[in-house]
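Enquirer:
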Amino acid sequence: MGVIKKFRGRTGGNDGIGLSLKALTTAALILPGLFYPNAQAAEDDEVDFQYSHYQEGKRDILESETTRKNNANPIEVESIHGGAKISLTDRIKIAFNYTQDTWGGATPIDSGPFVAGANGAIKTIGIEEIDSIGAASPLISHRVFFDKNLTPYKQILKDGQFIHVPDKRIVHTLAIASPETRKQGDFKLGYEWDNAAIDIGGGISLEDDYESRFGNLNGRLDFNEKQTTVNLGLSYTNSDIDAILDHDIGSYGNESNFNQYIQVIDEETNTKKIIGNRQDWGANLGLTQVLNKSASLNAGMSYTRSTGMLENPYKRVEYFFIDPDQTPNSEGLLQGGSNAYIEQRPHERNQWNWNLGYSQYVQPLDAALHVNYQFFHDDWGINAHTFEGDWVQPLGAGWTVTPRIRYYSQEAADFYQPYFFSFNKRPSRRDEFDPALLQQNYSSDQRLSGFGTLSGGVTVAKQFAKGLSLEAGFEYYTHQGGLKIGGGGEQDFADFDYWTANAALKINLAALGRDASGSDGGNFHNHHTSHANAPAGVMVAHTLDKAGDIMLGYRYMWNNQDGNMLHQDSAVSLANLQNKGCFSGQGHFNTCLAAPKSMAMHMHMLDLMVAPTDWLTLMLMPQFVNMDMSLRGTPAFTGGGNLAHHIANGHETGGIGDTGMYGLFKLWDNPSHKVNLGLGFSAPTGDVDIQLRRAHHQDGGFVHYNMQLGSGTWDFKPSLTYTGKTDKFSWGAQVSGTKRMESSNKSGFALGDMFQGTAWGGYDLTNWLSASVRGVYTWQGRTKGEYPRNKIDFVPTPEAEACPNESFIIDDGNGNISIDQVGFNQCIVEIRNANKEGLKAAIYTDDATYRSNPADLPSNSGGQYVDLGLGLNVNIPDGAFAGNRLAFEWLQPVYTRQTGYQLDRDGALSFTWSYGF
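Read in this note's numbering, the sequence shown has 883 at position 828, and its numbers run on one by one without any break.
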């Protein structure tokens with residue numbers, strides 16, 4: 056930003072040039088490929104909130120009559136980010152960020168010949184005989200015919216004879232991941248001199264199976280009257296891998312090449328983990344040179360050294376073993392048998408990156424152009440080129456539009472192939488591992504293949520008065536092997552498209568602290584301090600004072616359940632729960648095999664308030680939610696099977712929740728007493744159809760009712776609030792409720808209505824700190840309806856029974872055994888058609904539930920609760936942070952009476968920040 060100030064100085068303070076160049080520099084900083092956060096010249100204090108969504112398109116799995124349609128939802132990621140840059144003194148700056156993303160969906164785990172039947176219904180003959188249908192079952196055939204050029208062949212029926220024809224098609228094998236959440240926090244503390252700066256930072260990133268801790272040190276030197284800037288940065292990251300081995304993949308793959316990293320963590324469920332560590336050291340050097348008042352040039356280079364476990368433990372590689380001593384069949388084809396292994400990468404990687412960028416202000420258009428080129432090289436054989444550019448165009452009235460384009464191309468790693476060959480006899484046992492039969496390193500991860508990516512996008516920004524700005528952006532990418540520079544990229548089976556969308560709210564704190572003339576605002580915040588200090592856990596508790604006022608806020612809520620299972624207000628043992636906790640609703644009980652062990656809910660919410668008149672305040676409250684639940688088995692659980700996967704892994708969900716919209720009306724307003732009426736609605740923007748992944752070839756079904764992200768219904772949310780204050784004492788009371796306006800949502804249920812009453816008292820400990828005590832009573836109705844499940848009077852014929860293995864074995868008399876794949880396929884099609892017709896004629900009847908977890912029954916929801924809240928409120932009256940408010944409250948359960956069988960409550964924490972202007 057020092058360059059910007061210099062430009063403005065040399066152009067006589069031309070605001071148009073300054074704004075364009077600032078937008079240009081900002082755009083340059085957020086473009087992909089700038090790997091290190093170098094120390095920058097002083098920037099204005101700022102708070103920002105961002106939301107982004109990443110969505111992949113569906114993969115082509117080459118559907119045929121024996122493969123299910125690709126109904127698996129592809130990978131999608133929802134992310135939120137909050138950050139702040141704050142000046143502690145004129146010289147000392149601090150910045151901190153929090154990022155959270157939740158992802159889930161179908162993703163490739165390996166690839167292989169299409170004729171091997173990945174994602175389809177395939178019979179195999181080998182040590183074990185397994186049936187599998189569905190894109191989520193990562194199973195391929197163990198035997199495929201190849202010619203001398205290693206072209207795969209498929210078997211067809213022609214003129215009454217079985218023959219083989221070449222089929223070079225390759226397909227990804229997909230596996231579905233249940234939602235998972237990553238949380239990252241980081242900070243940076245910096246010191247500024249007149250011509251230099253230094254900062255130190257660090258942070259931590261947490262996932263269920265991956266934890267990273269990182270630190271960095273950055274410095275900046277300005278020369279030549281700040282026309283030349285040099286940046287230097289160092290970084291270190293230490294990461295622990297803690298990955299649970301998938302039960303499905305373990306049933307057909309070979310994990311022996313990772314035995315040194317595998318630990319059994321649960322004998323009952325036979326759950327195994329891969330435990331490993333990696334370290335990354337990095338250094339970068341950058342140079343920025345101002346060429347003239349309208350142009351600048353930047354260049355940089357970086358180096359990263361990575362060591363340790365660099366594999367992705369969830370990726371597999373298909374190895375086809377071709378016995379060189381076997382006799383070809385009558386068509387001259389050799390048979391190859393496959394094994395699947397965890398990918399093996401080198402345990403060190405050295406990476407170099409060079410970049411060169413140019414920025415040009417175009418004065419006739421009041422616009423700015425930025426172009427950048429990067430070259431990447433590593434010792435894995437990957438060379439990559441990135442070309443990118445954007446155009447920053449102010450449109451007037453605070454609007455800016457920034458179109459951009461980006462092209463990326465990379466060569467494949469030396470050890471990448473879609474599948475591999477070993478010209479050795481296949482091991483007689485699937486779990487045998489002889490490293491001499493395989494090459495040293497091997498991976499089929501498409502990210503290591505040769506490909507190109509072309510993307511285009513646009514960002515639109517609006518600068519409002521009072522230091523507020525909004526941004527929204529969209530970018531679309533196409534990933535294709537054919538886009539690789541020079542050709543020779545991966546085949547089109549690996550092609551896919553994806554897109555990203557984002558929105559951001561930014562608050563310039565320095566601008567908020569000045570009035571329209573540019574001087575300090577004096578009493579600018581004082582008219583916002585007259586509100587009584589409601590505890591952090593009370594929402595829609597106050598209105599704004601007068602027309603034109605605006606208040607922005609952030610709210611975080613954490614709610615935890617833990618300990619005993621309760622029936623009404625009494626603890627029950629798991630032995631008792633297993634027989635009575637899973638009431639089917641039809642006069643009998645199902646046996647509970649699992650129960651919640653703990654559950655946590657995290658909610659991040661923005662409070663956006665504006666007063667169009669003196670008597671009305673409008674409020675918008677978008678939220679982002681994530682939840683996680685751990686499970687435990689009851690005495691009836693014997694281990695293994697589909698349920699073992701869920702007990703070992705637990706469940707997570709996350710994403711956009713429901714959006715609140717409120718109108719707050721002043722009914723009584725004087726300095727000592729205030730009464731407001733709130734009339735609000737909750738829009739069903741949160742998902743209510745999240746399902747768990749398949750495990751052991753069984754669909755997981757819908758996640759627990761209380762872990763969906765919203766209600767799925769339009770809800771009416773009225774409230775009546777009274778607050779009072781005199782001298783150092785404050786008090787208040789509120790009654791509020793939630794009325795579901797629809798009988799059910801798209802998933803067949805409706806959450807129960809809710810009523811809450813609360814009263815509190817507070818005392819000012821100082822002119823900036825107050826404490827509060829609060830009592831809360833809550834009544835929650837039980838969930839109505841249920842997830843769509845059906846019971847039918849038709850039982851489909853099992854395909855394994857209708858098409859047994861022994862009916863399709865072919866022995867050519869030379870010791871070569873194969874499968875009549877065409878005959879098997881025809882049998883599968885016929886039995887499916889028969890089952891389909893039977894299902895059409897079947898009589899469907901309602902079925903309450905077959906679930907074996909009390910959290911999956913609507914009857915186990917709702918209750919009555921009494922809580923005690925203890926809170927602290929901080930109001931900063933003057934100084935650099937004047938107008939900022941912070942509030943904390945802990946809510947301790949006093950009495951709990953659950954409806955049905957539910958987990959006990961542990962407590963709740965609320966935190967709020969707000970700023971009025």
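Idealized CB from N, CA, C, for every residue including glycine.
1. Alpha carbon to alpha carbon, how far is residue 827 from residue 966? Give it in angstroms, no decimals.
2. State the DSSP-derived secondary structure class of residue 595, mapped to helix, strand or coil.
3. Return helix, strand or coil for residue 882, following the three-state DSSP convention.
4. Quick test of the definition: if touching needs 3 or more C-beta pairs under 8 Å, does the segment 667-686 touch the segment 705-723?
5. Note down, in chain order, each residue of its chain lying with its Cβ closer than 6 Å to the Cβ of residue 515, except the 5 sequence neighbours on either side.
6. Please give me, in chain order, every unbroken run of the beta strand (DSSP E) with length at least 3 that falls completely inside the segment 417-462.
7. Determine the DSSP secondary structure at residue 701, reduced to helix, strand or coil.
8. Between residue 525 and residue 442, what straight-line distance do the alpha-carbon atoms span, to the nearest angstrom?
9. Classify residue 316 as helix, strand or coil using the three-state DSSP reduction.
10. Taking all protein chains shown into account, do 16 or more other C-beta atoms lie within 10 angstroms of the C-beta of residue 798, making it buried, or fewer, making it exposed?
11. Please state whether the Cβ-Cβ distance between residue 598 and residue 719 is less than 8 Å.
12. According to the neighbour-count rule (16 or more other Cβ atoms, all chains shown, within 10 Å of its Cβ), is residue 187 buried or exposed?
13. Would residue 672 be called buried (16 or more neighbouring beta carbons within 10 Å of its own) or exposed?
14. Check whether chain B comes within 8 Å of residue 669, counting only Cβ atoms and requiring the distance to be less than that.
15. On the three-state DSSP scale, how would you describe residue 912?
16. Leaving out five residues on either side along the sequence, give the residues of the same chain with a beta carbon under 6 Å from the beta carbon of residue 386.
17. What would DSSP say about residue 165, mapped onto helix, strand or coil?
18. Hey, residue 926 and residue 591: beta-carbon distance below 8 Å or not?
19. Alpha carbon to alpha carbon, how far is residue 76 from residue 98?
20. Along the chain, where does the beta strand (DSSP E) that runs through residue 492 open and close?
21. Hey, how far is the Cα of residue 234 from the Cα of residue 748?
22. What residue ranges within the segment 516-569 form continuous alpha helix (DSSP H) runs of no fewer than 4 residues, ordered along the chain?
23. Based on the DSSP output, what are the partners of residue 672 in its beta bridges?
24. Using the Cα positions of residue 350 and residue 282, report the straight-line distance between them to the nearest angstrom.
25. Quick one: is residue 785 buried, meaning 16 or more other Cβ sit within 10 Å of its Cβ, or exposed?
26. Does residue 889 come out as helix, strand or coil in the three-state DSSP assignment?
27. Is residue 293 closer than 8 Å to residue 55 when the C-beta atoms are compared?
28. Can you give me the C-alpha to C-alpha distance between residue 917 and residue 807, rounded to a whole angstrom?
29. To which residues does DSSP link residue 394 through a beta bridge?
30. Restricting to Cα atoms, I'd like to know which of 724, 791 and 131 is closest to residue 736.
31. Give me the Cα-Cα distance between residue 759 and residue 165, rounded to the nearest whole angstrom.
32. How many angstroms separate the CA atom of residue 110 from the CA atom of residue 565?
33. Could you please give the first and the last residue of the uninterrupted beta strand (DSSP E) stretch that includes residue 833?
34. Within its chain, find whatever has a CB closer than 6 Å to the CB of residue 548; leave out the 5 residues flanking it on each side and keep chain order.
35. Kindly confirm or deny that the segment 240-250 and the segment 143-162 touch, where touching means at least three C-beta pairs closer than 8 Å.
36. With a threshold of 16 other CB atoms inside 10 Å of the CB of residue 687, please say whether the residue is buried or exposed.
Expert: From the atom records:
1. 14 Å
2. coil
3. helix
4. yes
5. 456 and 527
6. 422-433 and 438-451
7. helix
8. 28 Å
9. helix
10. exposed
11. yes
12. Because residue 187 carries a pLDDT of 34, less than 50, the predicted location of this residue cannot be relied on, and the following value inherits that uncertainty. Label assigned to residue 187: buried.
13. buried
14. The structure shown has no chain B; it contains just one protein chain.
15. coil
16. 219
17. strand
18. yes
19. Confidence at residue 76 is low in this model, with a pLDDT of 33, below 50, so the placement of that residue is unreliable and no value is reported for it.
20. Element bounds for residue 492: n/a, residue is neither H nor E.
21. 9 Å
22. 564-567
23. 719
24. 11 Å
25. buried
26. helix
27. Because residue 55 is not part of the residues shown, which for the chain are 56 to 972, the question remains open.
28. 7 Å
29. 374
30. 791
31. 31 Å
32. 36 Å
33. 824-835
34. 225 and 226
35. yes
36. exposed
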